[in-house]
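In our numbering, the protein residues as written are 1 to 112. Glycine included, C-beta positions come from ideal geometry on N, C-alpha and C.
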Amino acid sequence: MDSFRAKQAIDVEMNGSSQNGACGQKYKAIREHLISDLDSRAVILSLVNGKYYGLNSVGLAIWKLIQTPSTIAEIETSLLQLYDVDEATCHHEVTTFLATMLDEELIEVDEE
Numbered sequence: 001m002d003s004f005r006a007k008q009a010i011d012v013e014m015n016g017s018s019q020n021g022a023c024g025q026k027y028k029a030i031r032e033h034l035i036s037d038l039d040s041r042a043v044i045l046s047l048v049n050g051k052y053y054g055l056n057s058v059g060l061a062i063w064k065l066i067q068t069p070s071t072i073a074e075i076e077t078s079l080l081q082l083y084d085v086d087e088a089t090c091h092h093e094v095t096t097f098l099a100t101m102l103d104e105e106l107i108e109v110d111e112e
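This is how it looks when you write it as structure tokens:
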């Protein structure tokens, strides 16, 4: 199992991220962004704000999971199988990551 380093999962200047998210909410990637998969890392170019975002292996795993609408619980279940991390740390890091991605308009809450 890989070590879990979600704190560095997204390399972007963060300001004022909120950590909300109802248990049943589903999150999905906004498809209007360009992504280049670089083995265990990735770079996303936002076509909304023109910024580049670097993802480590954890961030890339989450990005792949949210190509289809996924709940926080579904994301955490997958990550707990892939990485050596406790549930509390995983939950905190996933919610922080998703809040940042929402703030940067890279993902959205699925309304369906």
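| Check | Outcome |
| --- | --- |
| Could you tell me the distance, in whole angstroms, from the CA atom of residue 76 to the CA atom of residue 52? | 25 Å |
| Which two residues bound the contiguous beta strand (DSSP E) that contains residue 107? | 107–110 |
| Could you check which residue in 83, 104, 47 has the C-alpha nearest to that of residue 61? | 83 |
| Where are the alpha helix (DSSP H) runs, 4 residues long or more, that stay fully inside the stretch 31–95, in chain order? | 57–65, 72–82 |
| Alpha carbon to alpha carbon, how far is residue 102 from residue 36? | 20 Å |
| Kindly list the residues whose CB is nearer than 8 Å to the CB of residue 43, restricted to its own chain and excluding five residues on each side of it in sequence; keep chain order. | 35, 36, 52, 53, 54, 55 |
| If the criterion is Cβ atoms closer than 8 Å, does the pair residue 24 and residue 95 meet it? | no |
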